[in-house]
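Engineer: Start counting the sequence shown at 770; every next residue gets the next number (our numbering).
Ideal placement from N, C-alpha and C gives every residue a C-beta, glycine not left out.
What follows is a structure written as structure tokens; I'll ask about it next.
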Amino acid sequence: EILGIEDPILKERLLKASEAESLRQYPPATLAALRQRAAGDVPELTQILRSHAYYNARIQLDLRQAVREATVVFDIDPGKQYPLREFSIQTIETAEEAAIDPFSAEIPADSLIDYANIRTEDLGIRINAPATAASILRAEERLLQKLREQAFPLASLIDRKVLVDQADQTVTVQLTISTGRRLLFGPAKFVGLETVNERFLQGRVDWTVGQPFNPCLIESTRLALEDTGVFSMVTIAPGEVDLDSGQLEMIITVDEAHHRTVGLGVNYSTAMGPGFTAEWEMRNFRGSGERVSLNADINTDIQEGSWVYRKPDFLRRNQHAVLRTDLLHREVKAFTEQSIAASLLIERLANSCLEYSYGAQFKYLDVSNSDNDQFTVLAKVPVRVRWSTTSNRLDPSCGRTYLFDITPTHQLNRSEASYVTLLWHGMFYQALDACESIIFAQHLAAGTIIGASRYDIPPPDRFYAGTDNLLRGYNYLTVSPIGEKGDPVGGRSLLAYAGELRYRFSESLSWVGFFEIGNVYRDSVPKIEEKMLRSVGTGIRYHTPIGPLRFDIAFPLDRRSAIDADYQLYVSIGQAF
């Protein structure tokens, strides 16, 4: 037991450091041995108190004996916390460091640190505040970091003196540092490469030879190399210094990951039944991070497969070329589709928030069991812009995402039939508590098709809702205008909203409740006065490293007796939006 300490954090730390506490399940045979064990704790407890600026603490040890057990009591008089009276920094220089520095002109003079007279406020130090060990150690690290940011990568702490004046109960701290030379970046040397092309990796190094050292560029380079997906580990450390040029060689040590992946999965929904997915991916096809993948997704009504080739850093950094071929067969209430599509896309990451893509697609489309059966050849120019402030695509907890697609389409075998599809999504995430365990997520979708009548637009290219992420609860792709035969025929505009409350009640499990409303309209402008369809539902998420597993049940509030079931079940990976 510890008496005399009010701070619960300090009290817990003292208890954890006590052998008398940690070994209480193994009591010694005699009281004398117990007292000896407890007495051995006193120096460690005293050191912890000093680290919290209690430099005159007194600890009295007592044993309280009961019939069958004894309690060790540390009665502590911590005294006052000693304030910091002075915090000083001095430097030592070798003959090399004292020489004229030919590289100082590389850094603007007004950005250089006067490290001999640096302000304590810059290091998080406050004079007359308690002189705790944690604040002193943080100040040391901040000082060295500031020196590294000013191109002193070899700066180090030589000595630390903590002088306690018991007469006036204050503390003085003196740091002695060696700055080393101001250095420039030298060449990057890769260690551990086996199959990856070094030239490709050099293009992801953010510094140039001769540029002043900057630790921020080291971190951004490490992230860029990890983003290639071909390494399981990347570390960057300083190498040798060229004394003539002042350049510091950088050693990049990598561990190549397994480049091939085979994946199998299952999914389920009431509308489509059980589904099976398979994937094969090669992440270093030609030695420069190229990815080739084969994917298949098969269930009762829909069978689709794809081949994708992705060339990273195509013509410029953070720009990727994507070639893909897609095969699709699906039978839904509105139509039966068989298609093959070939696409070439350019994907560009503009910054941490903005990315966009554009390209061309040719699609052979055979449609039957619809209101306009046809065979057609489509030429498309898909353009997508995505802006997002979320940090996790599969399980966002804060921020927002805007997604805008515009796809001009021309039917090559019908010169009069051209149209443009525009679709916008806005997704908003707000944490309702400090721990981000309660999230309110919202999804707004709006779309329109202009340039052709609804009949002239191939049925698969029209708008439908009733999926696992848009108007859950309604039968698959049936939310649309209804034709004369009672089947959905698709529309030219769409408007939908979803609100979802997510509560994470354990490390791996969370609950969601949601409400959705919306509809698909015959004309290119939504008719708000028409009735909107509503649904509610609930679900469970099981969180995994690859994203949450989703189990949802949704109920249509405006159930259409000839089309919709009483409820829909969904099982898949990732949040609904």
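Residues bridged to methionine 1002 by DSSP?
Structural biologist: Counting from one through the sequence shown, the residue named residue 1002 turns up at place 233. For methionine 1002, which the question treats as bridged, DSSP gives the partners Asp1024.
Engineer: Could you compute how far the alpha carbon of glutamate 967 sits from the alpha carbon of glycine 1343?
Structural biologist: The residue labelled residue 967 in the question sits at position 198 within the sequence shown. The residue labelled residue 1343 in the question sits at position 574 within the sequence shown. Cα-Cα distance, rounded: 35 Å.
Engineer: Just to confirm before moving on: does the CB-CB distance between isoleucine 894 and serine 904 stay below 9 Å?
Structural biologist: The count along the sequence shown starts at 1 and reaches residue 894 at position 125. The count along the sequence shown starts at 1 and reaches residue 904 at position 135. Yes.
Engineer: In or out: serine 873 buried (at least 16 other Cβ within 10 Å) or exposed?
Structural biologist: As a first step, residue 873 must be located in the sequence shown, where it is residue number 104. Any reading at serine 873 needs caution, since the residue's pLDDT is 45, under 50, leaving its predicted position unreliable; the model's value is listed next. Its Cβ having fewer than 16 others within 10 Å, serine 873 is exposed.
Engineer: Taking its Cβ as the centre, do 16 or more other Cβ atoms sit within 10 Å of arginine 837, making it buried, or is it exposed?
Structural biologist: Within the sequence shown, residue 837 is the residue found at index 68, counting from 1. Its Cβ having fewer than 16 others within 10 Å, arginine 837 is exposed.
Engineer: Comparing alpha-carbon positions, which option in Ile845, Pro899, Tyr824, Gln816 lies nearest arginine 854?
Structural biologist: Within the sequence shown, numbered from 1, the residue matching residue 854 stands at position 85. If we check each option's Cα against that of arginine 854, Pro899 comes out closest.
Engineer: Specify the secondary structure class of valine 1248 as computed by DSSP and reduced to three states.
Structural biologist: For this step, residue 1248 is matched to residue 479 along the sequence shown. Looking at valine 1248 - three-state DSSP - the assignment turns out to be strand.
Engineer: Can you have a look at arginine 888 and say buried or exposed, based on whether 16 or more other CB atoms are within 10 angstroms of its CB?
Structural biologist: Counting from one through the sequence shown, the residue named residue 888 turns up at place 119. Its Cβ having fewer than 16 others within 10 Å, arginine 888 is exposed.
Engineer: Counting only the same chain and skipping the five closest in sequence on each side, list residues whose C-beta sits under 7 Å from that of aspartate 996.
Structural biologist: Position 227 of the sequence shown holds residue 996. Cβ neighbours of aspartate 996 beyond the five flanking positions: none.
Engineer: Asparagine 1288: which of Leu1270, Thr1313, Asp1327 sits nearest, CA to CA?
Structural biologist: Here residue 1288 refers to the residue found at position 519 when the sequence shown is read from its first residue. Here the closest residue by C-alpha is Asp1327.
Engineer: Taking Cβ positions, are isoleucine 861 and phenylalanine 843 nearer each other than 9 Å?
Structural biologist: Position 92 of the sequence shown, counting from 1, holds the residue named residue 861. Position 74 of the sequence shown, counting from 1, holds the residue named residue 843. Cβ atoms of isoleucine 861 and phenylalanine 843: not closer than 9 Å.
Engineer: Using C-beta distances below 6 Å, list every residue in its chain close to threonine 1307, excluding the 5 sequence neighbours before and after it, in chain order.
Structural biologist: Numbered from its first residue, the sequence shown carries residue 1307 at position 538. So the qualifying residues of the chain are Gly1282.
Engineer: Would you mind giving the Cβ-Cβ distance between glutamine 943 and tyrosine 851, rounded to the nearest angstrom? I have them listed as a contact below 8 Å.
Structural biologist: Here residue 943 is taken as the residue at index 174 of the sequence shown, counted from 1. Here residue 851 is taken as the residue at index 82 of the sequence shown, counted from 1. Not confirmed; about 16 Å, so no contact.
Engineer: Return the Cβ separation of leucine 1123 and tryptophan 1156 in integer angstroms, given the expectation that the two are a contact with Cβ distance under 8 Å.
Structural biologist: Working through the sequence shown from its first residue, we reach residue 1123 at position 354. Working through the sequence shown from its first residue, we reach residue 1156 at position 387. Correct: roughly 5 Å between the Cβ atoms.
Engineer: So, with DSSP's three-state summary, where would you put glutamate 813?
Structural biologist: Indexing the sequence shown from 1 puts residue 813 at position 44. Here glutamate 813 sits in helix by DSSP.
Engineer: Valine 1150 to threonine 1178, Cα distance in whole Å?
Structural biologist: Here residue 1150 is taken as the residue at index 381 of the sequence shown, counted from 1. Here residue 1178 is taken as the residue at index 409 of the sequence shown, counted from 1. Taking the straight line from one Cα to the other gives about 7 Å.
Engineer: Taking 6 Å as the limit between beta carbons, can you name the residues of its chain near serine 1001, skipping five residues before and five after?
Structural biologist: Position 232 of the sequence shown, counted from the start, is the residue given in the question as residue 1001. Counting only Cβ-Cβ distances below 6 Å, and skipping sequence neighbours, we find Asp1024, Ala1026.
Engineer: Just to confirm, are glutamate 1050 and valine 1061 a CB contact at a threshold of 9 Å?
Structural biologist: What you label residue 1050 is simply residue 281 of the sequence shown in a count that begins at 1. What you label residue 1061 is simply residue 292 of the sequence shown in a count that begins at 1. Taking 9 Å as the Cβ cut-off, glutamate 1050 and valine 1061 qualify as a contacting pair.
Engineer: Exposed or buried, aspartate 1321, counting other C-beta atoms within 10 Å across all chains shown (16 or more means buried)?
Structural biologist: As a first step, residue 1321 is located in the sequence shown; it is residue number 552 there, counting from the start. Burial call: buried.
Engineer: Closer than 7 Å by C-beta to leucine 1239: which residues in its own chain qualify, once you throw out the five before and the five after it? Chain order, please.
Structural biologist: For the purposes of this step, residue 1239 is taken as residue 470 along the sequence shown, with counting starting at 1. Excluding sequence neighbours, leucine 1239 sits near Ala1214, Ala1265.
Engineer: Run through DSSP, which three-state label would alanine 902 get?
Structural biologist: Here residue 902 refers to the residue found at position 133 when the sequence shown is read from its first residue. Reduced to three states, the DSSP call for alanine 902 is helix.
Engineer: Which residues in the same chain have their Cβ closer than 8 Å to the Cβ of proline 1227, if we skip the five residues on either side of it in sequence?
Structural biologist: The count along the sequence shown starts at 1 and reaches residue 1227 at position 458. If we look at proline 1227 and ignore the five residues flanking it on each side, its Cβ neighbours are Leu1134, Val1136, Asn1141, Gln1143, Thr1145, Leu1147, Gln1180.
Engineer: Over what stretch of residues does the beta strand (DSSP E) that includes arginine 1060 continue unbroken?
Structural biologist: Residue numbering aside, residue 1060 sits at position 291 when the sequence shown is read from its first letter. Segment 1060 to 1068, the beta strand (DSSP E) holding arginine 1060.
Engineer: In whole angstroms, what separates the C-alpha of alanine 1323 from that of arginine 1241?
Structural biologist: Here residue 1323 refers to the residue found at position 554 of the sequence shown. Here residue 1241 refers to the residue found at position 472 of the sequence shown. Cα to Cα, alanine 1323 sits roughly 6 Å from arginine 1241.
Engineer: Where does phenylalanine 921 fall in DSSP's three states?
Structural biologist: The residue given as residue 921 occupies position 152 in the sequence shown. DSSP places phenylalanine 921 in coil when its eight states are reduced to three.
Engineer: Bridge partners of tryptophan 1193, per DSSP?
Structural biologist: Reading the sequence shown from its first residue, position 424 is the one you call residue 1193. In DSSP, tryptophan 1193 forms a bridge with Phe1173, Ala1215.
Engineer: Can you check whether the CB of asparagine 1244 is closer than 9 Å to the CB of glutamine 1107?
Structural biologist: Here the question's residue 1107 lines up with position 338 in the sequence shown. Here the question's residue 1244 lines up with position 475 in the sequence shown. For glutamine 1107 and asparagine 1244, no; Cβs fall outside 9 Å.
Engineer: Which residues share a DSSP beta bridge with glycine 1287?
Structural biologist: Translated into positions along the sequence shown, residue 1287 becomes position 518. Note: glycine 1287 sits in a beta bridge opposite Ala1265, Leu1302.
Engineer: For arginine 950, which of Gln1016, Val931, Ala798, Ile1005 has the nearest alpha-carbon?
Structural biologist: Walking along the sequence shown from the start, residue 950 turns up at place 181. Residue Gln1016 is the option with its Cα nearest to arginine 950.
Engineer: Compute the Euclidean distance between the alpha carbons of leucine 800 and alanine 839, then round it to the nearest angstrom.
Structural biologist: Within the sequence shown, the letter at position 31 stands for residue 800. Within the sequence shown, the letter at position 70 stands for residue 839. Using only the alpha carbons, I get a separation of about 8 Å.
Engineer: Whole angstroms is fine: what's the gap from glutamine 1199's alpha carbon to glycine 1268's?
Structural biologist: Here the question's residue 1199 lines up with position 430 in the sequence shown. Here the question's residue 1268 lines up with position 499 in the sequence shown. Each residue's alpha carbon lies about 11 Å from the other.
Engineer: Excluding the five sequence neighbours on either side, which residues of its own chain have a C-beta within less than 7 Å of the C-beta of isoleucine 987, listed in chain order?
Structural biologist: Taking the first residue of the sequence shown as position 1, residue 987 is located at position 218. Ile1005.
Engineer: Once the 5 residues before and after leucine 932 are set aside, which same chain residues still bring their CB inside 6 Å of it?
Structural biologist: Start at 1 with the first residue of the sequence shown, and residue 932 comes out as number 163. Closer than 6 Å at Cβ, skipping near neighbours: Thr941.
Engineer: Identify whether serine 820 lies in helix, strand or coil by the three-state DSSP scheme.
Structural biologist: Position 51 of the sequence shown, counted from the start, is the residue given in the question as residue 820. Looking at serine 820 - three-state DSSP - the assignment turns out to be helix.
Engineer: Taking the alpha helix (DSSP H) that threonine 990 belongs to, which residues open and close that run?
Structural biologist: Position 221 of the sequence shown, counted from the first residue, corresponds to residue 990. Counting along the chain, the alpha helix (DSSP H) containing threonine 990 begins and ends at 984 to 995.
Engineer: Counting along the chain, where does the alpha helix (DSSP H) carrying proline 777 start and finish?
Structural biologist: On the sequence shown, position 8 is the one that residue 777 refers to. Where proline 777 is concerned, the enclosing alpha helix (DSSP H) stretches over 777 to 786.
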